[in-house]
Amino acid sequence: MSSRADSPPRLRIITHRPPDEDPDNTNDDDDDNEDSGSSSGGASKHENRGGSVRDAPPRLRWVQEWNRAFLLVCAAGLAVDPLFFYALSISGTCMCLFIDGWFALTVTALRCMTDAMHVWNMCLRFRLAQETASKADSRGGGALRYFLSKKGFFFDLFVILPIPQVVLWVVAPALIREGSTTTVMTVFLIMFLFQYLPKLYHAVLLLRRMQNFSGYVFGTIWWGIALNLIAYFVASHAAGACWYLLGIQRAAKCLRTQCQLMKGCSGRTMACGPIYYGVSEIVTDPEKLNWAKNALARSTCIDSSDNFEYGAYKWTVPLVTNDSRLEKVLFPIFWGLMTLSTFGNLESTTEWLEVVFNIIILTSGLILVTMLIGNIKVFLHATTSKKQAMNLKMRNVEWWMRRRHLPQSFRQRVRQYERQRWAAMRGVDECEMIKNMPEGLRRDIKYHLCLDLVRQVPLFQHMDELVLENICDRVKSLIFPKGETITREGDPVQRMLFVVRGHLQSSQVLRDGVKSCCMLGPGNFSGDELLSWCLRKPFIERLPPSSSTLVTLETTEAFSLEAADVKYVTQHFRYTFMNEKVKRSARYYSPGWRTWASVAIQLAWRRYRHRLTLTSLSFIRPRRPLSRCSSLGEDRLRLYTALLTSPKPNQDDLISSS
Numbered sequence: 001m002s003s004r005a006d007s008p009p010r011l012r013i014i015t016h017r018p019p020d021e022d023p024d025n026t027n028d029d030d031d032d033n034e035d036s037g038s039s040s041g042g043a044s045k046h047e048n049r050g051g052s053v054r055d056a057p058p059r060l061r062w063v064q065e066w067n068r069a070f071l072l073v074c075a076a077g078l079a080v081d082p083l084f085f086y087a088l089s090i091s092g093t094c095m096c097l098f099i100d101g102w103f104a105l106t107v108t109a110l111r112c113m114t115d116a117m118h119v120w121n122m123c124l125r126f127r128l129a130q131e132t133a134s135k136a137d138s139r140g141g142g143a144l145r146y147f148l149s150k151k152g153f154f155f156d157l158f159v160i161l162p163i164p165q166v167v168l169w170v171v172a173p174a175l176i177r178e179g180s181t182t183t184v185m186t187v188f189l190i191m192f193l194f195q196y197l198p199k200l201y202h203a204v205l206l207l208r209r210m211q212n213f214s215g216y217v218f219g220t221i222w223w224g225i226a227l228n229l230i231a232y233f234v235a236s237h238a239a240g241a242c243w244y245l246l247g248i249q250r251a252a253k254c255l256r257t258q259c260q261l262m263k264g265c266s267g268r269t270m271a272c273g274p275i276y277y278g279v280s281e282i283v284t285d286p287e288k289l290n291w292a293k294n295a296l297a298r299s300t301c302i303d304s305s306d307n308f309e310y311g312a313y314k315w316t317v318p319l320v321t322n323d324s325r326l327e328k329v330l331f332p333i334f335w336g337l338m339t340l341s342t343f344g345n346l347e348s349t350t351e352w353l354e355v356v357f358n359i360i361i362l363t364s365g366l367i368l369v370t371m372l373i374g375n376i377k378v379f380l381h382a383t384t385s386k387k388q389a390m391n392l393k394m395r396n397v398e399w400w401m402r403r404r405h406l407p408q409s410f411r412q413r414v415r416q417y418e419r420q421r422w423a424a425m426r427g428v429d430e431c432e433m434i435k436n437m438p439e440g441l442r443r444d445i446k447y448h449l450c451l452d453l454v455r456q457v458p459l460f461q462h463m464d465e466l467v468l469e470n471i472c473d474r475v476k477s478l479i480f481p482k483g484e485t486i487t488r489e490g491d492p493v494q495r496m497l498f499v500v501r502g503h504l505q506s507s508q509v510l511r512d513g514v515k516s517c518c519m520l521g522p523g524n525f526s527g528d529e530l531l532s533w534c535l536r537k538p539f540i541e542r543l544p545p546s547s548s549t550l551v552t553l554e555t556t557e558a559f560s561l562e563a564a565d566v567k568y569v570t571q572h573f574r575y576t577f578m579n580e581k582v583k584r585s586a587r588y589y590s591p592g593w594r595t596w597a598s599v600a601i602q603l604a605w606r607r608y609r610h611r612l613t614l615t616s617l618s619f620i621r622p623r624r625p626l627s628r629c630s631s632l633g634e635d636r637l638r639l640y641t642a643l644l645t646s647p648k649p650n651q652d653d654l655i656s657s658s
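All the letters of the sequence shown, read from the start, carry residue numbers 1 to 658 under the UniProt record's numbering.
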């Protein structure tokens, strides 16, 4: 091959990125994935050249983290809305309905906080959609799609409308003043279903977008279990709150029935001051005083649940007049968990609303428990399946070692290797996983995984991206336990090793048992004999012998290039390896070249010292020729130099091959 063919090409290759392959571009083709890039951080197709695929942009990672936090905010919002029901209570003294003012203020503040997070998310989605449109030169098309989408701006706006606040602070007090005590619960229930179900659907859409974008939400199995438990807890909380609301409605119905049997009692009699802040008030209305003294109504509706048909709500009787807000909230949650988990033995009357409520609770419990158990089983199986496979593999290995009567030292080395391999990769075979993927995807993945490691090697720091991409496509990750002999001196060199973590000891036997040792750490490599073997002309098929023995000093991670891969890279990109910077890096970081250099320097130093000695003694005796002044130590150094330089790449061969 001529020198012209081996010289670096002079063509400049400019990588062009079309607008539809922008890293922040999103896919709005269907409604399920509408604005998925904006809410999930922008699904992208990264270029495979120039290092753009190595890491996601910082803004993209930030938006993904925000989506995870916003999903928890949605769960918190679903848990806050049922708390509005607990603001309604019945006075045990006056037997009248009122709104707990301080509890209502607390719940309203929590709802406003979650709504503020929703507003921030809407602004973020609008901003990302606008940036995507500007990068794609669509002049606001992305923002317009967000506004006009069925699951875009108006849907996000609907789930944060202050409907519960208006009902709690405006509608409910007006109905209580008019004496429509049972109507208040109906309005609360309709309000809850009108906004809570769309809000639940909104959270499910966000979860689906995140899963479609990255395949997972938080990336760990335990977070998956936690999300399922959170969903189950929120469902139990919502069911318990509805149960409490319907129980108050049943108690108010009972009181209304007793009020109708009493002379001078009306609907206004059963209504206290609409909002109560804990300040004692003196009741002067004679109708309310007479109603408060009605022992029959008190014993029938409040003191016991056996004198009226409460049905499934009989456990709410001690709650509706309870002054402890914590007990009022926790007990319905307990009821919801118990009922959904055990499909509880619900006693029911013939009232249609109660029957429908019980049917919904039982059906929802059956579905939720089945999904919870199934998902947790899948997650736990994913956690333990690899460990069980590892234990099974170790049992097979132990059986094989016993059958072959391996020595204990060999068995210990095998066990140590398997444990360290499991600790490093958790049973995942990376090469096997990506082997059957499409070639372009496989190259991009290996480029992403290996580029930073390859660039840590000084030998590859002066090579262009095309050479590094081909090297990344062919490297293999290896793990060596402590004390393992990787290669022996004199064996054929099968591969080049590039140390990523850990340390190796490279030793060479010189003469009379004398060893030359050096340590290889992260960034160093061995097997540089393959470079001279591949670049030598004429080419010899026989692999070169190893000039040193490699032993691991600790658990070592490295990646390797097989001899065939080194040959492929050097033959196709010969101009790169003829670069003076690459040749100097190869010599500087090569343990063989370092040993040869140290011996050559020592030999030159001894000859220089010998020459100085002869010069100082020249007045005593005539100076003899330098060729006759060699000592035993100098002879040894010359022999070591001849031995060390014979398998090494010499500069004449490299220059002639170029």
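Where a beta carbon is used, it is the ideal one built from N, C-alpha and C, also for glycine.
- Closest in C-alpha terms to T321, from the list C94, K583 and V569, comes C94.
- Pairwise C-beta distances place the stretch 398-413 out of contact with the stretch 378-387, as fewer than three of them are shorter than 8 Å.
- Comparing alpha-carbon positions, the option among E354, K328, L83 and G521 lying closest to A312 turns out to be E354.
- In this structure, I434 keeps its C-beta atom at 7 Å or more from the C-beta atom of V454.
- Judged by their CB atoms, A558 and L468 are not nearer to each other than the 7 Å cut-off.
- With respect to A226, C301 sits apart: the two C-beta atoms are not nearer than 7 Å.
- For E484, there is no enclosing beta strand (DSSP E), since its DSSP letter is neither H nor E.
- A direct Cα-Cα distance of roughly 14 Å separates K537 from F577.
- Between the alpha carbons of S304 and Y310 lies a distance of about 10 Å.
- For D100, the enclosing beta strand (DSSP E) has its first and last residue at L97 to D100.
- I90 is the residue among F539, F460 and I90 whose C-alpha sits nearest the C-alpha of I176.
- Contact annotation: P522 and V493 have beta-carbon atoms that are not nearer than 7 Å.
- In this chain, the beta strand (DSSP E) harbouring E557 covers T556 to E562.
- A direct Cα-to-Cα measurement between I99 and Y276 gives close to 6 Å.
- Under the three-state reduction of DSSP, I90 is assigned to strand.
- Bridge pairing for C112: absent [DSSP].
- For secondary structure counted as the beta strand (DSSP E) over 3 or more consecutive residues, the stretch 238-316 holds these complete runs in sequence order: 271-276.
- Three or more pairs of CB atoms, one per stretch, sit closer than 8 Å, so the stretch 61-81 contacts the stretch 113-126.
- Note that the stretch 568-583 does not touch the stretch 594-611; fewer than 3 beta-carbon pairs, one per stretch, sit closer than 8 Å.
- Annotation note: the stretch 462-536 contains the following uninterrupted alpha helix (DSSP H) runs of length 4 or greater, listed N- to C-terminal: 465-474 and 529-535.
- Less than 7 Å separates the beta-carbon of H237 from that of P82.
- In the structure shown, the three-state DSSP call for V551 is strand.
- The Cβ atoms of L614 and T552 lie no closer than 7 Å to each other.
- Looking at the DSSP output, P198 shares a beta bridge with no other residue.
- Its chain contains E178, G179, S180, T181, R256 and C259 as the residues whose beta carbon lies nearer than 8 Å to that of G267, once the 5 sequence neighbours on both sides are disregarded; these appear in chain order.
- Approximately 13 Å separates the beta-carbon atoms of K583 and C534; this is outside 8 Å, ruling out the contact.
- Boundaries of the alpha helix (DSSP H) harbouring F334: R325 to T342, taken from the DSSP string.
- For L441, there are no CB contacts under 6 Å within the same chain when 5 residues up- and downstream are skipped.
- Within 10 angstroms of the beta-carbon of S526 lie 16 or more other beta-carbons, which makes it buried.
- With 16 or more other CB atoms across the displayed protein chains lying within 10 angstroms of its CB, I160 is buried.
- Non-local beta-carbon contacts of I333 in its own chain, meaning distances under 7 Å to residues more than five positions away in sequence, involve S236, H237 and G240 in chain order.
- For the pair Q508 and S548, the CB atoms are nearer than the 7 Å cut-off.
- Comparing alpha carbon positions, the residue from Q64, Q211, C242 and L168 closest to A79 is C242.
- Residue burial annotation: R111 is buried, with at least 16 other C-beta atoms found within 10 angstroms of its C-beta.
- Straight-line measurement puts the Cα of L392 at about 11 Å from the Cα of W399.
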